[in-house]
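Just so you know, the protein sequences line up as chains A and B, in that order.
Counting from 1, one number per residue, gives the positions in the first sequence under our numbering.
Counting from 298, one number per residue, gives the positions in the second sequence under our numbering.
The structure under discussion appears below in the form of structure tokens.
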Amino acid sequence: MLGIFIAIVPYFGTIDNAFNIIRQGAVLIIVALGMMMVISSAGIDLSVGSLIGLSGTLTAFLIDKGMIWYFALLLGIMACSLIGLINGLVISKGRIFPFVVTFGMLFIAQSISLGFSQGGSIHIDSIPFSIINYGYFLFFPIPFWITLGLVILIAFLMMRTVIGCNVFAIGSDATSALWMGIKVDLYKIIVYIISGTLAGIAGIILASRVRTGNALIGQYNQFFAIAAVVIGGTPITGGRGNFIGAAIGALVITVLQNGLTLLGLSSELITTIVGITLMSGVILAQLVSQGGLRGNN
Amino acid sequence: MNTNVPLLEMKSISKAFPGVQALDQVDFDLYPGEAHVMVGENGAGKSTLVKILSGVVPLTNGTILFDGTSVNINNPSQAQKLGIGIVYQETSLSPYLTVAQNIFLCHEPFRMGFILDVDKEVNDTRELLKSLLLDIDPNELVANLSLGKQQLVAFARVLSFNPRVVILDEPTSSLSAKDTELMFSLLKELKNQNVGIIYISHRLEELWQIGDRISVLRDGKKIDTLDVKKIEQREIIRMMVGRDISEMYPKEKTRIGEEAFRIEDVSRKGICKNINFHVNKGEVIGLFGLVGSGRTETMRLAFGLDQMDTGAVFIDGNKLKHLSPSKLVRKGVGFSPEDRKKEGLCLILSLKENIVRASLDKLFTSGLVSSKKEKRIADKYIKDLDIASPSSDRLVIYLSGGTQQKVVLAQWLCAESSVLILDEPTRGIDVGTKVEIYRIINNLAKSGVAIILISSELPEIMGISDRIYVFRMGQISGEFINDGVTAEDIAAAAFKTREGNNAKEKIQ
Chain A
1 MLGIFIAIVP YFGTIDNAFN IIRQGAVLII VALGMMMVIS SAGIDLSVGS
51 LIGLSGTLTA FLIDKGMIWY FALLLGIMAC SLIGLINGLV ISKGRIFPFV
101 VTFGMLFIAQ SISLGFSQGG SIHIDSIPFS IINYGYFLFF PIPFWITLGL
151 VILIAFLMMR TVIGCNVFAI GSDATSALWM GIKVDLYKII VYIISGTLAG
201 IAGIILASRV RTGNALIGQY NQFFAIAAVV IGGTPITGGR GNFIGAAIGA
251 LVITVLQNGL TLLGLSSELI TTIVGITLMS GVILAQLVSQ GGLRGNN
Chain B
298 MNTNVPLLEM KSISKAFPGV QALDQVDFDL YPGEAHVMVG ENGAGKSTLV
348 KILSGVVPLT NGTILFDGTS VNINNPSQAQ KLGIGIVYQE TSLSPYLTVA
398 QNIFLCHEPF RMGFILDVDK EVNDTRELLK SLLLDIDPNE LVANLSLGKQ
448 QLVAFARVLS FNPRVVILDE PTSSLSAKDT ELMFSLLKEL KNQNVGIIYI
498 SHRLEELWQI GDRISVLRDG KKIDTLDVKK IEQREIIRMM VGRDISEMYP
548 KEKTRIGEEA FRIEDVSRKG ICKNINFHVN KGEVIGLFGL VGSGRTETMR
598 LAFGLDQMDT GAVFIDGNKL KHLSPSKLVR KGVGFSPEDR KKEGLCLILS
648 LKENIVRASL DKLFTSGLVS SKKEKRIADK YIKDLDIASP SSDRLVIYLS
698 GGTQQKVVLA QWLCAESSVL ILDEPTRGID VGTKVEIYRI INNLAKSGVA
748 IILISSELPE IMGISDRIYV FRMGQISGEF INDGVTAEDI AAAAFKTREG
798 NNAKEKIQ
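Okay, here's the thing in structure tokens:
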């Protein structure tokens, strides 16, 4: 796919565009990492799209009210962590399906953001804040370093702490995990906090790019993230997780969107093509991982 | 065996689930270095007892003494801390973690308090596996191991906690002969180290290889505890199944007609092999066997729910091409599944909607459903089967288990099924309703319906069947005409007998 775009779209292969893809992809990769953890615990987090909007809007609101940008963004991210905590608590202690809880939270978080932005969007004047997206560090855009850091952090959590094993055990069978003595509720809560926090960080990067806090800016990102995770080889039924795959899946989706846009296709056509590609990608991933469409387990 | 103080003592343990007394005043004790075997039919209460010890299920009444002091076991980690380790019947390992990760789940070694010491985990696992003479790679994913090897890893995991009591729930059901021998030698080693072992098994011949004492459970009560050396296999079987069954099963003679349903050479790899049987009009046949012996699985194949490798199904002597549930229902076959809540009913639909569910095409040929007609039909069955419900509009989820079972039966009566497959129709149902259901089955047979009854309750099978097929490990291991046949004969065909086992090993 990369080859085709490089061959037929003149601008696609330039360094400028590569950096552009990295900036665009950062948001989705970061959200997908959190989604990967949630899905491997046999859950789902539909609220992340709204959380992207929430962290940006809250940060913009606080900067607008005169707060220093780094405090503002910290509070923006922490608000998302808090929502993740609430998701986790309701799901584990209330024994309610993650789908229902996070679907509800999607609307709640969106309404909170709309409350802060009073239905519109808030412009961010702070120059240092926009450097988060547009700045460079050691030749690469700053979002690249943030994403790399988070990939390494998640890799560490999943492979070098008890979180990884416990999340997989819960995802493959929560009852037997309980019987083995695992604190099932605790790890579920942790997973949703991480997912919320990562969505918050992604929201900051996006807000920095558009220099605006907008409640609806992250819409649909939860679905792209789910697609990235599944394309990346994590079964939607849980029990397993592939963080590198999720990151690559997110990158593939971003490259596709970017390349098709540069081709000059109309936006409706792009969305259609992206939709079809996602479907076939997910079907393919499922065929590979289960050895059959219907699955033989 | 050093004696005097029991390692573990359970005193008058009772456990009630809604509608079922799973355990009734059971006493159980275990001494250090002893293997105490627990046997009983499915549903006798063995698993509940294990779950109480593992902290998964809270007890209703009774006390547990560990080392002579009273303890409360509220969750699995508490059981682990006490030194109670359990190998479950179906392995509880996490398939996409490695062997080492599974073994050290919940007691991982750390560096600096939170960083996993992966090297230590792998090395310790390697040593543990080596000391147990298991040739398994610590870095292998559990999903890639055979069921038997998974079972051994689950065993190794339990041992990694240095337990003082080891409970094994049918540990050998998925083990090869060689691995079984290995496990027994490991158990003997544990006994020498003064570990107490509770061993649950259906393979009675194993008792004498491993056990010191044996306790028999039946219907949630402990029948007796005996010295293994002083008891015969036949005696144990009688204790497990024996009860007065003459009045509970009011079997009446029916006129048995022509063949209604037959399956021929049905096989599916790993499920069943060359299954043949038939049932005639007006006849009740019983399929007996242990859970997992292939009875339900075979009927699912015959009903077109799963795909068979080879085999054929005949209805009224005509071979069916292409099996599918909708086709079999149209041909007059009904299936009342084992898990009636999940598979047999739509719980959040009303009684009347459930009753007409399998016969919508027949009742409403225009394609439009008439609520009035629905109600009229439902009311007829509510009266005929004495279904305890205030109205036909009541949601099925609010009905008791026995009433729900009657609704499932009504559904197939309404569909005018001429062949009825009943999978564990009285599971979890109180005695009174059980007898009612037997009466309904009798009446159906009298009206010419052919009935295939799958049951794990031997008295039930013997009480209402005309003929009995016994399943064992995916094959039919015996066919009996229910006239003068004894429970011991049937049980011997279902449980592997000592003699039978030896014969089989010689063939291998």
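We treat Cβ as the ideally placed atom computed from N, Cα and C, and that holds for glycine.
Can you tell me whether residue i is buried or exposed, with buried defined as 16 or more other CB within 10 angstroms of its CB?
i      : result
B:G365 : exposed
B:C569 : buried
A:L63  : According to the sequence provided, residue 63 of chain A is Ile. The question's Leu does not apply to it. Buried, by the Cβ-count rule.
B:S309 : exposed
A:A228 : buried
A:L287 : exposed
A:N258 : buried
B:V347 : buried
A:P10  : exposed
A:N242 : buried
A:F139 : exposed
B:K731 : buried
B:K639 : exposed
B:A791 : buried
B:F411 : exposed
B:C643 : exposed
For residue i, report the span of its beta strand (DSSP E) as first-last.
i      : result
B:S584 : The identity of residue 584 of chain B in the sequence shown is Leu, whereas the question assumes Ser. Here the beta strand (DSSP E) through B:L584 covers V581 to F585.
B:Q772 : Q772 to I778
B:V384 : I381 to V384
B:E306 : L305 to F314
B:K527 : No beta strand (DSSP E) contains B:K527, which DSSP labels as neither H nor E.
B:Y695 : Note, B:Y695: premise wrong, no beta strand (DSSP E); not H, not E.
B:V360 : For the record, residue 360 of chain B in the displayed sequence is Thr; it is not Val. Counting along the chain, the beta strand (DSSP E) containing B:T360 begins and ends at N358 to F363.
B:F768 : R764 to R769
B:I494 : G493 to I497
B:D466 : V462 to D466
If you draw a straight line from the C-alpha of residue i to the C-alpha of residue j, how long is it?
i      : j      : result
B:I778 : B:I674 : 38 Å
A:F97  : B:D606 : 38 Å
B:S389 : B:V455 : 11 Å
A:G135 : A:G218 : 22 Å
B:Q772 : B:G591 : 7 Å
B:V302 : B:D509 : 16 Å
A:P300 : A:F61  : Nothing can be reported for residue 300 of chain A: it is not among the residues displayed for chain A, which extend from 1 to 297.
B:I361 : B:E671 : 54 Å
B:A655 : B:P547 : 29 Å
A:I201 : B:F407 : 30 Å
B:V368 : B:E338 : 29 Å
B:I542 : B:R535 : Residue confidence is low: B:I542 scores 41 on pLDDT, short of 50, so the model does not pin down where it sits. No coordinate-derived value is stated.
A:T234 : B:S688 : 48 Å
A:M279 : A:A155 : 27 Å
B:N571 : B:S564 : 5 Å
A:N221 : A:F116 : 21 Å
Tell me, please, which residues DSSP counts as bridged to residue i.
i      : result
B:I568 : DSSP output for B:I568 lists no bridge partner at all.
B:Q318 : B:A313
A:F99  : Answer is none; A:F99 lacks a bridge partner.
B:F558 : B:V576 and B:I612
B:V323 : B:I310
B:V368 : B:I361
If you follow the alpha helix (DSSP H) that residue i is in, where does it begin and where does it stop?
i      : result
A:L153 : I142 to R160
A:Y192 : V184 to V210
A:D16  : I15 to S40
A:G233 : No alpha helix (DSSP H) holds A:G233; DSSP gives it neither H nor E.
B:S623 : P622 to R627
With a threshold of 7 Å (Cβ to nearest heavy atom), would residue i be considered close to the ligand FAD?
i      : result
A:G249 : Absence of the ligand FAD is noted for the structure shown, with no ligands found whatsoever.
### Three CB pairs or more closer than 8 Å across the segment 71-85 of chain A and the segment 51-59 of chain A
At 8 Å Cβ cutoff, the stretches touch.
### Query
Using 8 Å as the Cβ pair cut-off and three pairs as the minimum, do the segment 8-25 of chain A and the segment 140-153 of chain A touch?
Cβ pair count under 8 Å is three or more, so yes.
### Stretch-stretch touch, CB-based, cutoff 8 Å, three pairs: the segment 704-713 of chain B with the segment 607-625 of chain B
Touching, no.
### Message
Check whether the segment 171-182 of chain A and the segment 373-393 of chain B touch, using three or more Cβ-Cβ pairs below 8 Å as the test.
### Response
Verdict: yes, contact present.
### Task
Pair every Cβ in the segment 105-114 of chain A with every Cβ in the segment 40-56 of chain A, then say whether three or more of these pairs are closer than 8 Å.
By the Cβ test, the segment 105-114 of chain A is in contact with the segment 40-56 of chain A, since at least three Cβ pairs between them sit closer than 8 Å.
### Query
Quick check: the segment 516-533 of chain B against the segment 739-753 of chain B, are there 3 or more CB pairs under 8 Å?
Between the segment 516-533 of chain B and the segment 739-753 of chain B, the count of C-beta pairs closer than 8 Å stays below three; the two stretches do not touch.
### Query
Between the segment 608-621 of chain B and the segment 557-569 of chain B, are three or more C-beta pairs nearer than 8 Å?
Output reads yes: the segment 557-569 of chain B touches the segment 608-621 of chain B.
### Message
Check whether the segment 340-359 of chain B and the segment 502-520 of chain B are in contact - that is, three or more C-beta pairs closer than 8 Å.
### Response
Because the criterion of three Cβ pairs below 8 Å is met, the segment 340-359 of chain B and the segment 502-520 of chain B touch.
### Query
Is there contact between the segment 27-47 of chain A and the segment 237-254 of chain A, where contact requires at least three CB pairs shorter than 8 Å?
Touching, per the Cβ criterion.
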